[in-house]
Every structure is written in C-alpha cells, then in structure tokens.
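Read through the structure below, which is laid out as structure tokens, and then see the notes.
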Amino acid sequence: MYDFFNFIFEKLKNLLDISTIFFKLSIFFGIVMSLNYFRKINYLPKDLTIGDGLSFILISCKFALIFIFFIGSIVVGSGIVNLVYISSKKIYKWRKLLLPMLILKATSILICDLATLKFYEKCMIAIGYIFALWGSYIFYPLFWQENLLGFLLYFLCCVIAAVFIHVFEFTKNRTDLPIKEQHTQMVMALVFTAIFPLIIYGYFSDKYKLSDFSTSSLTETDKNAVLYLKKEEVGLFPSEIIEKTESDEYVILTHTMIRLRGFGRNALVEYLFRDNEGVLRGDQVEVPNDAIQIKWKLRPEKKK
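Start counting the sequence shown at 5; every next residue gets the next number (the working numbering).
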C-alpha cells in the first residue's frame with residue numbers, strides 16, 4: 005500500500021512540474037496574443053492608467069485560458085494519432101502472428117501488470133484519456149470549422165504536436181545530455197508544440213474564438229447593440245451613418261462597432277461607409293470613452 009501511495013505522489017509531482025511549465029508558457033502566449041490583437045486592429049492605446057494595466061492582465065489571462073483549452077484539444081488528438089501510428093506499426097509487424105500476440109499481451113496484463121503498479125498507471129492514463137476525449141469533443145466545434153477543411157487543419161495540428169511531443173519524450177529519456185541543455189531542449193519542444201498549431205489556426209481558420217472570448221468585455225459587435233454618440237463628436241464620422249434622435253445630446257451611429265473600449269482614454273470605433281464611387285469601405289476613429297453610450301434592442305420573442 006505504501007508503494008502505491010508513493011507511486012501516486014511521484015506521478016502527481018511530475019504532473020505538477022509539467023503543469024507549472026505549461027502555465028508559464030500559457031501566460032507568455034496570452035501576453036503575445038494580447039499584443040497581436042492590438043496589431044490586428046492596428047491600434048495601440050495611449051494615456052494608459054493602472055486600471056488599464058489590470059485590464060491588460062485580465063485580457064492576457066483570458067487569452068491564456070482559452071489557449072489552454074485550444075492546445076489541450078490538440079494534445080489529445082496528437083495522442084490518438086500517436087496511438088494509431090504505433091498500433092498500425094505493430095499490427096503490420098506481427099500481422100502473421102496477430103492473434104497469438106494479442107493473447108500474450110492480454111495474459112501479460114492480467115498476470116504481470118496486476119502484480120505491479122503498471123496496471124494502476126495504465127488505468128489512470130486510460131481514465132484521463134476518456135475525460136480528455138470528452139472535453140475535446142465539446143471544444144472542437146468552438147475552434148474549428150465543421151467541414152473537411154477544419155478537420156484537415158485539426159489533423160495537421162495534431163500530427164505536428166505529436167512529432168514535438170515525441171521529441172520531448174525522447175529528450176527527457178536521454179542520459180548523454182547535461183541537465184541544463186536537456187531542460188532547454190524539452191522547453192523548446194513544448195514551445196514548438198504550442199506555437200505551430202497556433203500559427204496554422206491563425207492563418208487558415210476563419211473562426212476567431214481565440215480573440216472574441218478574450219476581448220468580449222472590451223468590444224461591442226452585437227447586432228442588437230445601438231451606439232449613441234454625443235453631438236459634440238459628430239464631426240468625426242460621415243453624415244450618412246448618423247441618425248438623429250429626440251435627444252438633445254446624442255445621435256445614433258449606424259453600421260458601426262466598437263473594436264476597443266475601456267482600455268485607455270479613447271475608444272476605437274470602426275464604421276462602414278460608401279465613398280464617392282459607391283464602394284463600401286471601412287475606417288476607424290478614436291472617440292472619447294465618455295462620448296459613447298450603448299443600449300440594446302429587445303430581441304423579439306419566438307412564437308410558440
């Protein structure tokens with residue numbers, strides 16, 4: 005019994021060590037993705053305060069959280085890819101003796117593994133994979149397109165992750181490397197495991213859940229949202245998107261959305277308009293935060 009608890013403690017310690025490294029990497033990627041969002045909207049807020057710094061930390065943590073779910077689903081998929089590859093390789097190698105090998109393997113599990121801690125280790129891994137598969141099944145539609153292209157991109161990311169995870173395991177078991185160099189190579193393998201799927205997702209997928217969830221508190225793109233602007237600021241927008249109201253202080257902005265608000269003194273508002281040639285174009289303008297108010301239209305109730 006003592007050996008069993010010692011085994012559990014050792015596995016939990018290893019899991020905690022790996023989780024700590026992965027958490028640090030997730031926070032790092034969260035900060036990188038936050039800065040990338042500012043690059044994406046081509047806007048860097050000015051006149052920042054301490055509160056804005058806390059908002060940036062919050063955005064980075066939300067990016068890190070969704071990034072963990074994103075990479076976790078890919079790591080689970082890479083485990084399935086690796087399992088299928090190893091199983092196919094063994095089946096091909098022992099194809100003429102497949103039935104005797106299956107009987108021998110089952111006997112080995114029942115007799116040898118039950119007498120050691122390997123059986124419990126395999127059971128824990130199997131239970132963990134079942135929960136991980138269930139989680140991946142839930143999160144897959146959130147990140148990837150539900151068509152052949154989305155599946156192929158997901159499969160490609162899983163294959164790449166499987167390769168670098170294999171490099172990580174291979175480096176971990178090497179005894180000819182200095183400890184410092186070994187740890188450096190292991191960390192680099194984890195970084196590549198995370199960064200390549202992220203690059204593929206960013207360039208080829210047309211879903212943006214990675215940024216939409218993380219910046220939801222600072223943006224407003226809801227179709228039912230109505231943007232009110234103080235009349236003192238109407239000169240910043242073309243007249244065709246301005247709609248008068250009964251209020252003496254505010255007008256309504258149409259065909260507009262807020263790309264960033266509450267981070268810095270000004271909000272970044274994006275609007276659509278037609279130029280002199282009748283071509284629909286988009287532009288962005290900075291507006292003071294206190295010059296904008298948002299109200300929501302009531303959604304029509306569905307008929308029973």
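Note that the Cβ used here is the ideal one computed from N, Cα and C, for glycine as well.
| field | Buried or exposed (CB count within 10 angstroms, at least 16 for buried), F155 | value | The sequence position of residue 155 within the sequence shown is 151, counting from 1. That one is exposed.
| Start and end residues, alpha helix (DSSP H) containing K299 | Counting from 1 along the sequence shown, the entry for residue 299 is found at position 295. Where K299 is concerned, there is no enclosing alpha helix (DSSP H), although the beta strand (DSSP E) it sits in stretches over 296-300.
| task | Please check the pair L264 and Y47, which I expect to be a contact at CB under 8 Å, by giving their CB distance rounded to whole angstroms. | result | As a working mapping, residue 264 is identified with position 260 in the sequence shown. As a working mapping, residue 47 is identified with position 43 in the sequence shown. Contact holds; Cβ gap of about 6 Å.
| request: Apply the 10 Å Cβ neighbour rule to Y89 and answer buried if 16 or more other Cβ atoms are within range, or exposed otherwise. | output: Within the sequence shown, the letter at position 85 stands for residue 89. Exposed, because fewer than 16 other Cβ atoms sit within 10 Å of the Cβ of Y89.
| Cβ atoms of F200 and I168: under 9 Å apart, would you say? | Start at 1 with the first residue of the sequence shown, and residue 168 comes out as number 164. Start at 1 with the first residue of the sequence shown, and residue 200 comes out as number 196. According to the sequence provided, residue 168 is Phe. The question's Ile does not apply to it. F200 sits close to F168, with the two beta carbons spaced by under 9 Å.
| field | Where P304 falls: helix, strand or coil (DSSP) | value | For the purposes of this step, residue 304 is taken as residue 300 along the sequence shown, with counting starting at 1. With a pLDDT of 49 at P304, under the threshold of 50, the modelled position of that residue is not reliable, and the figure given next carries that caveat. P304: coil per DSSP, three-state reduction.
| request: To the nearest angstrom, report how far apart Y205 and E250 are at their CA atoms. | output: Looking up residue 205 in the sequence shown gives position 201. Looking up residue 250 in the sequence shown gives position 246. Going from the Cα of Y205 to the Cα of E250 covers about 47 Å.
| request: Just tell me which of P49, F33, I203, L87 has its CA closest to the CA of I70. | output: Counting from 1 along the sequence shown, the entry for residue 70 is found at position 66. With distances taken between Cα atoms, I70 lies closest to F33.
| said: Any contact between the region 290-302 and the region 223-243? By contact I mean 3 or more CB pairs, one from each, below 8 Å. | reply: Cβ pair count under 8 Å is three or more, so yes.
| Which value, in whole angstroms, describes the spacing of the CA atoms of M37 and E274? | Taking the first residue of the sequence shown as position 1, residue 37 is located at position 33. Taking the first residue of the sequence shown as position 1, residue 274 is located at position 270. Straight-line Cα distance between these residues: approximately 21 Å.
| query | Mind checking whether Q189 and V163 have CB atoms under 9 Å apart? | reply | Stepping through the sequence shown from its first residue, residue 189 is reached at position 185. Stepping through the sequence shown from its first residue, residue 163 is reached at position 159. Their beta carbons are not under 9 Å apart, which means Q189 does not touch V163 by this criterion.
| Considering only the beta carbon of each residue, do A193 and I78 sit closer than 9 Å? | On the sequence shown, position 189 is the one that residue 193 refers to. On the sequence shown, position 74 is the one that residue 78 refers to. No, they are not a contact pair.
| Separation of P49 from D56, as counted between CA atoms | Within the sequence shown, the letter at position 52 stands for residue 56. Within the sequence shown, the letter at position 45 stands for residue 49. Spanning the two alpha carbons is a distance of roughly 10 Å.
| Contacting residues, own chain, Cβ-Cβ under 6 Å from T258 (five flanking each side not counted) | Position 254 of the sequence shown holds residue 258. Close CB contacts of T258 within its chain, under the 6 Å cut and outside five residues either way in sequence, are with I245, E247 (chain order).
| Element boundaries [beta strand (DSSP E), containing L181] | The residue given as residue 181 occupies position 177 in the sequence shown. Note, L181: premise wrong, no beta strand (DSSP E); not H, not E.
| For D279, the residue or residues it bridges with in DSSP | Stepping through the sequence shown from its first residue, residue 279 is reached at position 275. Per DSSP, none; premise fails for D279.
| task | From the DSSP output, read off the bridge partner residues of I256. | result | Start at 1 with the first residue of the sequence shown, and residue 256 comes out as number 252. DSSP output for I256 lists Y232, E247 as bridge partner(s).
| If you draw a straight line from the C-alpha of E290 to the C-alpha of R269, how long is it? | Position 286 of the sequence shown, counted from the first residue, corresponds to residue 290. Position 265 of the sequence shown, counted from the first residue, corresponds to residue 269. Answer to the nearest angstrom: the Cα atoms are 9 Å apart.
| query | Just reading off the alpha helix (DSSP H) that L152 is part of, what are its end residues? | reply | The residue you call residue 152 lines up with position 148 of the sequence shown. Start and end: 152-176.
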